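Colleague:
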Ligand SMILES: Nc1ncnc2c1ncn2[C@@H]1O[C@H](COP(=O)(O)OP(=O)(O)O)[C@@H](O)[C@H]1O
Ligand SMILES: Nc1ncnc2c1ncn2[C@@H]1O[C@H](COP(=O)(O)OP(=O)(O)O)[C@@H](O)[C@H]1O
Ligand SMILES: [Mg+2]
Ligand SMILES: [Mg+2]
Ligand SMILES: [Mg+2]
Ligand SMILES: [Mg+2]
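Residue numbers (our numbering), protein chains in the order written: chain A, 76 to 415; chain B, 76 to 415; chain C, 19 to 234; chain D, 19 to 234.
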């Protein structure tokens with residue numbers, strides 16, 4: 076059990092400089108793939124951007140979700156990321172600067188999670204970009220089934236399913252679709268994906284070094300948000316298969332993919348959970364989907380959208396049509412996944 | 076602070092089945108890239124193995140280091156992995172079965188960490204393989220400067236530097252070198268790399284759910300092993316740059332790369348530390364190496380060889396000659412890094 | 019400023035500085051509130067935002083005007099606070115500033131229109147309604163109290179005291195809200211029993227204005 | 019088996035079963051010892067190894083021979099225990115079994131050669147020396163005690179009791195070792211003050227043999 080009043084430990088120098096130091100580390104480690112804007116140090120730009128005639132894709136949001144958001148900058152995915160403080164939306168200035176830096180004349184698509192801060196800051200940025208004659212569109216990811224009933228799906232949070240939205244939209248943009256075409260692809264991906272998460276242990280912000288919630292030694296939280304927002308049920312610890320079932324029950328009830336159809340799956344670590352556990356979960360998820368006679372087109376397992384050092388995972392399932400299959404298979408080179 | 080007598084929580088079903096379930100998850104998620112042997116369920120084999128005429132590479136060791144060992148199976152790296160229980164060497168049977176499955180007629184190279192259990196089990200397996208007329212060579216990775224003085228470098232533990240050894244040897248084998256040539260490359264990589272780690276928080280085995288050591292709220296352990304073996308100094312928490320300096324001081328004192336030469340760097344997470352912190356550490360490491368007038372040929376940052384959910388990191392630096400540069404740049408497709 | 023009935027731009031900056039100090043002092047409590055029903059950053063976001071707002075204001079050339087102060091503070095705030103608070107307070111400051119942009123001094127009537135315009139800005143930017151368990155639930159009662167005090171010809175200090183009391187009551191009332199709309203509803207019944215952090219910090223703002231004007 | 023002077027293969031299996039039970043019972047303690055200077059798995063490795071050894075032995079067809087029992091146990095152990103203990107106990111069982119392979123019964127002399135050959139096996143497989151803070155530091159004193167008991171014409175039960183005492187003393191002595199060689203030296207001075215887990219479990223093995231033969 077973590078939690079209570081104890082201070083956490085982090086490999087940082089100063090809570091006030093974590094983001095700038097992280098960004099400096101990223102460009103130092105991957106200088107051929109990304110750069111920061113001189114005049115806007117919270118704007119991470121793909122080495123290939125802007126590409127004339129290509130729709131620019133800007134992602135962004137708070138930090139602390141790494142490789143989330145900024146890690147998806149790279150050919151075939153996002154052209155730039157506006158980087159906020161830990162768990163806090165970037166302000167309009169870095170968003171506008173990123174927008175201008177990736178604008179190749181074909182407009183810019185914002186893909187963000189459905190959080191009041193992100194929505195309002197990107198809205199302010201879009202108004203400012205419009206003043207500079209850059210057309211933008213915004214797609215708000217709302218894949219978290221735990222955060223609102225289906226009747227209010229528009230209020231749902233955006234969580235790890237965003238990875239599929241980035242991938243599909245990034246491929247469509249790279250293939251040369253226009254702004255409304257790319258936005259349509261992103262909307263389609265968002266409408267096809269459902270996610271729910273679980274936390275076993277909390278996380279802590281660099282500024283507070285305090286756990287942002289407390290779970291007792293035999294508790295877990297189903298439906299947790301990627302900032303530690305409370306979920307739908309705080310209940311007793313249970314086996315991995317039962318956890319996966321609790322999540323899949325809700326995800327599949329809504330998605331209800333017909334037998335014989337294709338899906339892709341993401342078993343996403345929240346930051347502090349070992350890969351061993353994620354694959355144990357993946358085994359049961361894939362087994363259950365296969366028994367439902369679904370074809371697993373692709374399965375991602377690992378840390379894709381995290382909540383600092385939170386222990387837990389989320390499971391995303393996306394229903395695929397032929398177009399989405401092609402888009403998910405399209406090559407991409409996101410900067411924080413360029414290992415070998 | 077973690078530790079003391081509290082039980083940890085894990086997304087598992089049963090401590091006795093974690094490895095088999097993890098392996099089932101891996102092959103279910105990546106069926107086109109790896110398979111398990113029917114008659115030896117702890118042998119993970121690359122889809123492309125055996126390749127006639129190519130030296131087979133078998134890695135292995137205890138589990139709990141994922142993506143360590145088994146994750147490096149794939150074209151251009153290892154042909155197979157023998158998978159042990161958490162933090163425990165596999166026995167000779169799965170090693171022999173893996174050896175036979177990847178043997179393409181050109182012999183098999185074992186690359187393992189320097190742990191009594193691994194060394195003895197692979198030695199027993201080599202004796203058994205010899206009986207079946209398969210020639211093997213073994214390269215034992217000994218990169219951990221914290222685990223013995225330089226005068227007894229042969230007794231040092233193998234830690235994250237193994238990733239460079241796998242990469243170099245895997246490329247050499249894929250290029251068609253013979254067994255002694257591939258072994259020589261692996262020895263060269265091992266001789267060129269130095270690593271040291273640090274722990275902020277302990278980890279716990281599935282079988283015990285107890286932390287394997289305790290650090291108080293303001294302590295860290297320098298020189299920690301990837302199983303939580305005690306390090307060289309238990310001292311007060313300090314800023315990330317100071318931690319990196321403490322490690323680099325020892326690593327660079329030994330490696331002493333001449334100004335103007337090329338190095339590659341691995342800032343490796345121990346499992347529970349967010350990417351944000353690893354890049355903060357990477358920033359200082361790269362900065363210090365650059366100020367020493369070294370060229371950073373490549374920098375890897377992330378979880379490459381973990382210790383379950385341990386919080387902390389290790390820093391590896393490898394001195395590169397022209398041959399190693401080519402080998403590290405050679406394409407590779409390790410199964411647990413095939414995200415996009 | 020004791021007993022003063024008109025606020026100069028310099029007074030206004032002094033009041034904002036008091037808000038900044040008060041928020042910094044209550045930062046941990048505000049984050050604590052946000053931990054219960056949000057992501058635990060409201061205190062640090064507000065503290066960072068106000069600090070940046072004041073830094074931007076301090077960099078302005080003399081002479082100060084309300085609109086210059088508000089524009090600088092808004093821009094400083096929104097690019098530092100992050101989160102929902104950033105654009106909301108930027109909107110508060112910009113809309114409030116616009117409502118009083120021709121004034122050289124703010125009397126009670128002008129201050130009331132400042133806060134009224136700000137409140138309408140919150141609603142528009144946030145697409146939120148009273149009862150959604152947000153800062154609006156502290157803000158709108160305070161605006162109403164200022165209006166009532168003006169009708170009653172109360173003194174500025176007294177009026178701001180009424181506003182602070184109304185905001186505090188409004189914030190306290192969010193404790194029992196389980197709004198159908200807004201962030202709180204995501205938590206269902208579990209959001210009940212917790213004060214909304216944005217409402218709590220809005221009440222702090224009105225209380226600080228009241229104390230600042232009263233005590234000078 | 020009280021007072022018996024000769025051990026049949028069935029007795030031997032019964033003794034191994036007692037060892038298995040004893041190790042299982044002390045599993046947590048052994049892992050605790052390993053947590054202090056190693057990786058904390060010695061108890062679970064040993065428990066798993068002995069269970070697999072007994073499972074393999076139980077699957078053997080009758081009639082049992084020492085060499086069949088030892089070979090099956092060795093193979094079961096090494097493929098389940100993992101870690102250093104696997105090949106070491108596999109070597110112990112194989113070398114010990116080879117030393118008594120023509121016997122139908124083990125008297126004190128035969129048992130002494132079993133343990134002596136096993137000890138030499140440990141040294142070869144582990145490339146270790148006495149004083150390295152390993153199981154050897156319990157094993158070799160026990161072998162020496164068996165040898166001395168044989169010279170003194172002691173009874174089997176008494177001889178095994180001597181061996182167990184010697185092993186326990188040997189294990190206890192590892193507490194003060196800070197060996198130049200071996201795993202312990204990696205920790206430097208910090209390894210001192212802790213008993214070696216492999217020495218502790220070896221002492222349990224000898225103690226269980228002694229009790230098994232004494233109490234039946
Ligand atoms: N749409 C909205 N309209 C009005 N106020 C809002 C809205 N969304 C959030 N708030 C206010 O912002 C507060 C949260 O601020 P903060 O924690 O700084 O931002 P975030 O929620 O992005 O972490 C809430 O308590 C609420 O009062
Ligand atoms: N080279 C060696 N020679 C003899 N005994 C050894 C050797 N290496 C380890 N041991 C013994 O094995 C014990 C550790 O066993 P165990 O914890 O099961 O394996 P591991 O060290 O692989 O985790 C040590 O306490 C020691 O007694
Ligand atoms: Mg926030
Ligand atoms: Mg071990
Ligand atoms: Mg918040
Ligand atoms: Mg051990």
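Don't be surprised by glycine CBs; every beta carbon is placed ideally from N, CA and C.
Note that the coordinates shown come from a computational prediction; the quantities given were computed from them, not determined experimentally.
Please report how far the alpha carbon of residue 368 of chain B lies from the alpha carbon of residue 294 of chain A, in whole angstroms.
Modeller: Taking the second chain and counting its residues from 1, one reaches residue 368 of chain B at position 293. Taking the first chain and counting its residues from 1, one reaches residue 294 of chain A at position 219. Taking the straight line joining both Cα atoms gives about 52 Å.
Colleague: What residue does the alpha helix (DSSP H) around residue 265 of chain A start on, and which one ends it?
Modeller: One-based indexing of the first chain puts residue 265 of chain A at position 190. Per DSSP, residue 265 of chain A belongs to the alpha helix (DSSP H) from 254 to 267.
Colleague: To the nearest whole angstrom, what separates the beta carbons of residue 176 of chain C and residue 167 of chain C, a pair I think is in contact under 8 Å?
Modeller: Counting from one through the third chain, the residue named residue 176 of chain C turns up at place 158. Counting from one through the third chain, the residue named residue 167 of chain C turns up at place 149. The Cβ separation is near 7 Å, so the contact holds.
Colleague: Name, going along the chain, the residues of the stretch 86 to 111 of chain C whose beta-carbon falls closer than 9 Å to a beta-carbon of chain A.
Modeller: Under the 9 Å Cβ criterion, the stretch 86 to 111 of chain C contributes 93, 95, 96, 97, 98, 99, 100, 101, 102, 103, 104, 105, 106, 108 and 109.
Colleague: Taking 5 Å as the limit, name every residue whose beta carbon sits nearer than that to some heavy atom of ligand 4, in sequence order.
Modeller: That gives B/162, B/163, D/57, D/59 and D/101.
Colleague: Verify the contact flag: residue 190 of chain A, CB atom, against every heavy atom of ligand 3, threshold strictly below 8 Å.
Modeller: Sequence index remark: in the first chain, residue 190 of chain A carries index 115 (1-based). Within the cutoff, so yes.
Colleague: Might you give, ordered along the chain, the residues of its own chain that have their beta carbon closer than 6 Å to the beta carbon of residue 260 of chain B, omitting 5 neighbours on each side?
Modeller: Numbered from 1 along the second chain, position 185 holds the residue referred to as residue 260 of chain B. So the list reads 243, 244 and 247, once near-sequence residues are dropped.
Colleague: Below 9 Å between beta carbons: does that hold for residue 102 of chain B and residue 93 of chain B?
Modeller: The count along the second chain starts at 1 and reaches residue 102 of chain B at position 27. The count along the second chain starts at 1 and reaches residue 93 of chain B at position 18. No, these two residues do not count as a Cβ contact at 9 Å.
Colleague: Tell me, please, whether the CB atom of residue 228 of chain B is closer than 9 Å to any CB atom in chain D?
Modeller: Locating residue 228 of chain B in the second chain gives position 153, where the first residue counts as 1. Output row for residue 228 of chain B: interface = no.
Colleague: Does ligand 1 have a heavy atom nearer than 8 Å to the CB of residue 193 of chain C?
Modeller: Translated into positions along the third chain, residue 193 of chain C becomes position 175. Checking the Cβ of residue 193 of chain C against ligand 1 gives no.
Colleague: State yes or no: is the C-beta of residue 154 of chain D nearer than 8 Å to some heavy atom of ligand 2?
Modeller: Residue 154 of chain D sits at position 136 when you count from the first residue of the fourth chain. Indeed, a heavy atom of ligand 2 lies less than 8 Å from the Cβ.
Colleague: Can you name, in chain order, every residue of its own chain whose Cβ lies under 7 Å from the Cβ of residue 96 of chain B, other than the five neighbours on each side?
Modeller: Locating residue 96 of chain B in the second chain gives position 21, counting from the first residue. Correct list, in chain order: 88.
Colleague: Could you tell me the boundaries of the alpha helix (DSSP H) in which residue 38 of chain D lies?
Modeller: For this step, residue 38 of chain D is matched to residue 20 along the fourth chain. Residues 27 to 55.
Colleague: Between residue 239 of chain D and ligand 2, is the CB less than 8 Å from at least one heavy atom?
Modeller: It is not possible to answer for residue 239 of chain D, since the shown part of chain D is limited to 19 through 234.
Colleague: Tell me the rounded alpha-carbon separation between residue 328 of chain A and residue 160 of chain C.
Modeller: The sequence position of residue 328 of chain A within the first chain is 253, counting from 1. The sequence position of residue 160 of chain C within the third chain is 142, counting from 1. Their Cα atoms are separated by approximately 45 Å.
Colleague: Quick check: the Cα distance between residue 98 of chain B and residue 353 of chain A, rounded to an integer number of angstroms?
Modeller: Within the second chain, residue 98 of chain B is the residue found at index 23, counting from 1. Within the first chain, residue 353 of chain A is the residue found at index 278, counting from 1. Their Cα atoms are separated by approximately 11 Å.
Colleague: Can you tell me whether residue 394 of chain B is helix, strand or coil according to DSSP?
Modeller: Along the second chain, read from residue 1 onward, the residue named residue 394 of chain B stands at position 319. The answer is strand: DSSP assigns residue 394 of chain B an E or B state.
Colleague: Just curious, the beta strand (DSSP E) that residue 116 of chain A is in, first and last residue?
Modeller: Counting from 1 along the first chain, the entry for residue 116 of chain A is found at position 41. Unbroken beta strand (DSSP E) run through residue 116 of chain A: 115 to 121.
Colleague: Measure the C-alpha to C-alpha separation of residue 141 of chain C and residue 209 of chain C and round it to an integer number of angstroms.
Modeller: Stepping through the third chain from its first residue, residue 141 of chain C is reached at position 123. Stepping through the third chain from its first residue, residue 209 of chain C is reached at position 191. Cα to Cα, the separation comes out at about 21 Å.
Colleague: Is the distance from the Cβ of residue 306 of chain A to the Cβ of residue 299 of chain A below 9 Å?
Modeller: On the first chain, position 231 is the one that residue 306 of chain A refers to. On the first chain, position 224 is the one that residue 299 of chain A refers to. Closer than 9 Å, so yes.
Colleague: Roughly how many whole angstroms lie between the Cα atoms of residue 376 of chain B and residue 238 of chain B?
Modeller: Mapped onto the second chain, residue 376 of chain B falls at position 301. Mapped onto the second chain, residue 238 of chain B falls at position 163. Near 12 Å, if we compare the C-alpha coordinates of residue 238 of chain B and residue 376 of chain B.
Colleague: Under 9 Å between C-beta atoms, does residue 219 of chain D make it to chain B?
Modeller: Counting from one through the fourth chain, the residue named residue 219 of chain D turns up at place 201. Taking Cβ atoms only, chain B never reaches closer than 9 Å to residue 219 of chain D, which makes this a no.
Colleague: In chain A, which residues lie with their C-beta within 8 Å of the C-beta of residue 276 of chain B?
Modeller: As a working note, residue 276 of chain B is residue 201 in the second chain. Per Cβ cutoff of 8 Å: 84.
Colleague: Just to confirm, does residue 148 of chain D get its C-beta within under 8 Å of one of the non-hydrogen atoms of ligand 2?
Modeller: For the purposes of this step, residue 148 of chain D is taken as residue 130 along the fourth chain, with counting starting at 1. Because no heavy atom of ligand 2 lies under 8 Å away, the Cβ of residue 148 of chain D does not count as near it: no.
Colleague: For residue 145 of chain B, count neighbouring Cβ atoms within 10 angstroms of its own Cβ and tell me buried if that reaches 16, exposed if not.
Modeller: Taking the first residue of the second chain as position 1, residue 145 of chain B is located at position 70. Residue 145 of chain B should be labelled buried.
Colleague: Along chain D, which residues have their Cβ under 7 Å away from the Cβ of residue 162 of chain B?
Modeller: Taking the second chain and counting its residues from 1, the one referred to as residue 162 of chain B is at position 87. Within chain D, the residues near residue 162 of chain B are 57 and 59.
Colleague: Going by the C-beta, is residue 241 of chain C closer than 8 Å to any heavy atom of ligand 3?
Modeller: The first residue shown for chain C is 19 and the last is 234, placing residue 241 of chain C beyond what the model contains.
Colleague: Should residue 200 of chain B go down as buried or exposed, given a rule of 16 or more other Cβ atoms within 10 Å for buried?
Modeller: Position 125 of the second chain, counting from 1, holds the residue named residue 200 of chain B. With 16 or more other Cβ atoms within 10 Å, it is buried.
Colleague: Nearer than 8 Å: is that true of the beta carbon of residue 214 of chain C relative to any heavy atom of ligand 1?
Modeller: Taking the third chain and counting its residues from 1, one reaches residue 214 of chain C at position 196. Result yes, Cβ under 8 Å from ligand 1.
Colleague: Determine contact between the stretch 205 to 225 of chain B and the stretch 180 to 195 of chain B, defined as no fewer than three beta-carbon pairs at a distance below 8 Å.
Modeller: Counting Cβ pairs under 8 Å, three or more are found: they touch.
Colleague: Would you tell me roughly how many angstroms separate the C-alpha atoms of residue 83 of chain A and residue 134 of chain B, rounded to the nearest one?
Modeller: Numbered from its first residue, the first chain carries residue 83 of chain A at position 8. Numbered from its first residue, the second chain carries residue 134 of chain B at position 59. Taking the straight line joining both Cα atoms gives about 36 Å.
Colleague: Using CA atoms only, rank isn't needed, just tell me which of A/274, A/302, A/279 and A/304 is closest to residue 291 of chain A.
Modeller: For the purposes of this step, residue 291 of chain A is taken as the residue at position 216 of the first chain. That would be A/274, whose Cα lies nearest to the Cα of residue 291 of chain A.
Colleague: Applying the 10 Å Cβ sphere with the 16-neighbour rule, what's the burial state of residue 198 of chain B?
Modeller: On the second chain, position 123 is the one that residue 198 of chain B refers to. Per the 10 Å Cβ criterion, buried.
Colleague: Starting from residue 138 of chain A, find everything on chain B with Cβ-Cβ shorter than 7 Å and list it in chain order.
Modeller: Stepping through the first chain from its first residue, residue 138 of chain A is reached at position 63. In chain order: 351.
Colleague: Would you mind telling me which residues of chain B sit closer than 7 Å to residue 96 of chain A, beta carbon to beta carbon, in chain order?
Modeller: As a working mapping, residue 96 of chain A is identified with position 21 in the first chain. Within 7 Å Cβ-Cβ: 355 and 358.
Colleague: Whether or not the stretch 77 to 86 of chain C and the stretch 41 to 60 of chain C are in contact is what I'm after, with contact meaning three or more pairs of Cβ atoms, one per stretch, closer than 8 Å; do they touch?
Modeller: No, they do not touch.
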